[in-house]
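These notes concern the structure reproduced below.
Residue numbers (this note's numbering), protein chains in the order written: chain A, 1 to 193; chain B, 1 to 590.
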């Protein structure tokens, strides 16, 4: 609802939002990073394609259906994976990926309204899950070019590269200090980030 | 080093402005432009030349075409976690689109791009596809190198002549062995004493650990083959620093595996973390970054090189520097370029090039093929840290005698890895997410580093008309694979798939990526060493036969490629050549 209620943003504003969020996170985490972040933000602002903020929010909500909060770790929304997913999509993924994603998101919006009478973020978790399952099944049947494969890839890459994904779902040790080649894996121990 | 740089900017004879290709310069040596020795290039071999020359008391000028880089201070990305990088370590498409060539290099990314050239700045002409990977800065590619430090075996020195695919080296293993030790001691090389003929032992720090998949592979191959040894590679990492390393201000490798951003711990060797600051401490070093070398100056009356002509990278001002001896360490192909561009009435085809061999017999390492497989089991085993090293499956081909339908040997790098994401049926939801965060199956990878045969037709030369932004002719590359390389690839794939099968791997695959020569970043030759001045450019001490006060000790000097990683051989040859040069100077022979 919130996303729908917001006036559509133009590209530049959407970009400012997404890179601004990122820049804040960077600055908080390291002083060394300042130069890098600015450079990154400039590069991001210079990209030709981006997504309106409501697309980012929808992607993040879908990602959160794939990767929800559990007792083990926060999910995609709690990790703030959305801005990173947008940046990966616009800056790093193959040309044409943005268009494919937007077309897919629009189709999903239509289906939401038809099937459930409202936008994705108004659906119950169960409704979201069955809708995403349905689209995923279609994607599996359709093969590699279906937009939902792109969506899944972005969700996984975006989520597991956030600080929360890296440190609370996975385990990232900034300075391991040494290498031990062979040791026991404790039950339930997550993978290294 | 910055302070020294200003001192080293003496006579600038032309005001800043657009490049002119009519060279006028300070033809007369001045005290501030005169040194005992000049080193062209500050990479892995140039840094060694600087250290050795300065330690022996020679006032040494190091010319570096790129910007200054200082250890610690100029590593802006070194300590960043993935989520602190603009794209969390993913490479932006724009970076690739603007640098289609250099972005192919191993280790290139948004965190390391600052240590690679930009494609547009340094064009060259590919008569045949050749990926020329360059890092123009103080430290050169030693900041972004692979750090593999195996010694050549004695077979590698003699095989080309013995098996009829190349020329005799003027030196053998015994000539280089003490210099390998000298270099290993100073830079710090970790590795085990394996007692293998194909990959000799050295003065090593403790090796890194195997993981369980690597132990499994080692043991499985040991049972099945007599001649296939999986060992720890030899790596320029301080697994356990000694006093000599602490004196350099370097400490223990922290197993971060972020080497190519520059290491704030000095955990791996580079010129900027080790040899150059060491040389600086002697008070004998003058470092001159942003100095594009145009040519080596030759005096026909003295029959000697007298100095080096330099173009300032930014102002394009020209300065001549003078010295008794010159070490050319500009990187393999750039050293060829400098010599080819050093023309005079005595040497119209390039310095020391009386026979037209300069630029020919360029070779490289064949990195086209790799293989992998899934290793069942070991679900309850894991590791800690990020291993910056790899194992080596030591060469077993054509070792001392020919046993294949091709010549030359191959080193195989290999390692065990554990994937992420435990197999699970569900495709979304809590279980799915939590399983994605669990360790997945183990796997084993291998890739080949194969010897290639130096051939006359594989060459580089100067372009007739196209020039770079400093008015220096562009390099033309004409280097290709041959039938021997194809046969080697076929054999390697067969052997690798068989060995992964022997280890019990499933889903075994091998591939040929068909990458162009050069992407190996092991280009060698063009100015080869040899006994006979009629068939080689350099003598057994890396001196130009025709101009003995010029030493070429980087990859350009290679008579053949061997199958081991070459950098430490360049360092050893450099130290050996400096020792010889200084002896000759003290006897007034240079």
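Glycine is no exception: its CB is placed at the ideal position from the N, C-alpha and C atoms.
Selection from the options that minimises the alpha carbon distance to residue i
i, options, result
"residue 220 of chain B", "B/350, B/209, B/144 and B/498", "B/498"
"residue 456 of chain B", "B/322, B/232 and B/165", "B/165"
"residue 198 of chain A", "A/127, A/88 and A/102", "Lying outside 1 to 193, the shown extent of chain A, residue 198 of chain A is not represented and no answer is given."
"residue 508 of chain B", "B/439, B/83 and B/370", "B/370"
"residue 160 of chain B", "B/172, B/149 and B/350", "B/172"
"residue 490 of chain B", "B/247, B/275 and B/368", "B/368"
"residue 555 of chain B", "B/575, B/586 and B/522", "B/522"
"residue 495 of chain B", "B/412, B/145 and B/234", "B/412"
"residue 65 of chain B", "B/201, B/214 and B/136", "B/136"
"residue 372 of chain B", "B/500, B/385, B/226 and B/458", "B/500"
"residue 563 of chain B", "B/527, B/328 and B/395", "B/395"
"residue 125 of chain B", "B/581, B/477 and B/503", "B/477"
"residue 568 of chain B", "B/130, B/79 and B/183", "B/183"
"residue 257 of chain B", "A/181, A/183, A/176 and A/134", "A/176"
"residue 187 of chain A", "B/77, B/438 and B/277", "B/438"
Nearest-angstrom Cα separation, counted from residue j out to residue i
i, j, result
"residue 71 of chain B", "residue 249 of chain B", "10 Å"
"residue 190 of chain A", "residue 336 of chain B", "52 Å"
"residue 315 of chain B", "residue 294 of chain B", "14 Å"
"residue 99 of chain A", "residue 51 of chain A", "9 Å"
"residue 204 of chain B", "residue 76 of chain A", "47 Å"
"residue 94 of chain B", "residue 32 of chain B", "44 Å"
"residue 516 of chain B", "residue 538 of chain B", "28 Å"
"residue 44 of chain A", "residue 90 of chain A", "Any reading at residue 44 of chain A must be qualified, since the residue scores a pLDDT of 40, below 50, and its modelled position is unreliable; the value itself is stated next. Spanning the two alpha carbons is a distance of roughly 8 Å."
"residue 463 of chain B", "residue 253 of chain B", "44 Å"
"residue 185 of chain A", "residue 418 of chain B", "12 Å"
"residue 533 of chain B", "residue 178 of chain A", "50 Å"
"residue 140 of chain A", "residue 58 of chain A", "21 Å"
"residue 299 of chain B", "residue 46 of chain B", "24 Å"
"residue 542 of chain B", "residue 174 of chain B", "16 Å"
"residue 104 of chain A", "residue 388 of chain B", "41 Å"
"residue 311 of chain B", "residue 355 of chain B", "29 Å"
"residue 493 of chain B", "residue 503 of chain B", "15 Å"
"residue 150 of chain B", "residue 235 of chain B", "8 Å"
"residue 281 of chain B", "residue 169 of chain B", "36 Å"
"residue 108 of chain A", "residue 162 of chain A", "26 Å"
"residue 240 of chain B", "residue 138 of chain A", "55 Å"
"residue 391 of chain B", "residue 218 of chain B", "10 Å"
"residue 117 of chain A", "residue 62 of chain A", "18 Å"
Short CB-CB distance (under 8 Å) between residue i and chain A
i, result
"residue 433 of chain B", "yes"
"residue 437 of chain B", "yes"
"residue 596 of chain B", "The first residue shown for chain B is 1 and the last is 590, placing residue 596 of chain B beyond what the model contains."
"residue 210 of chain B", "yes"
"residue 385 of chain B", "yes"
One or two residues paired with residue i in a DSSP bridge
i, result
"residue 323 of chain B", "B/35"
"residue 382 of chain B", "A/183"
"residue 318 of chain B", "B/311"
"residue 331 of chain B", "Answer is none; residue 331 of chain B lacks a bridge partner."
"residue 442 of chain B", "B/375 and B/418"
"residue 52 of chain A", "Answer by DSSP bridge pairing: none, since residue 52 of chain A is not bridged."
"residue 473 of chain B", "B/467"
"residue 304 of chain B", "B/299"
"residue 510 of chain B", "B/371"
"residue 40 of chain B", "B/63 and B/328"
Short CB-CB distance (under 8 Å) between residue i and chain B
i, result
"residue 54 of chain A", "no"
"residue 124 of chain A", "no"
"residue 86 of chain A", "no"
"residue 75 of chain A", "yes"
"residue 133 of chain A", "yes"
"residue 113 of chain A", "no"
"residue 169 of chain A", "yes"
"residue 185 of chain A", "yes"
"residue 130 of chain A", "no"
"residue 127 of chain A", "no"
Residue-chain proximity (residue i, chain E), Cβ-Cβ < 8 Å
i, result
"residue 87 of chain B", "Among the protein chains in the structure shown, which are A and B, there is no chain E."
| task | Quick one: which residues of the stretch 402-429 of chain B get their C-beta closer than 7 Å to a C-beta of chain A? List them in chain order. | result | 420, 427, 428 and 429
| query | Taking Cβ-Cβ distances below 8 Å as the criterion, which residues of the stretch 214-247 of chain B are in contact with chain A? | reply | 214 and 215
| request: Check each residue of the stretch 371-382 of chain B: if its Cβ is closer than 8 Å to any Cβ of chain A, include it; give the result in chain order. | output: 379, 380, 381 and 382
| query | Between the stretch 96-113 of chain A and chain B, which residues of the former have a C-beta closer than 8 Å to a C-beta of the latter? | reply | none
| Relative to chain B, which residues along the stretch 137-155 of chain A have a C-beta separation below 7 Å, given in chain order? | none
| field | Selection of the stretch 88-102 of chain B by Cβ proximity to chain A, strictly under 8 Å | value | 88, 89, 90, 91, 92, 93 and 94
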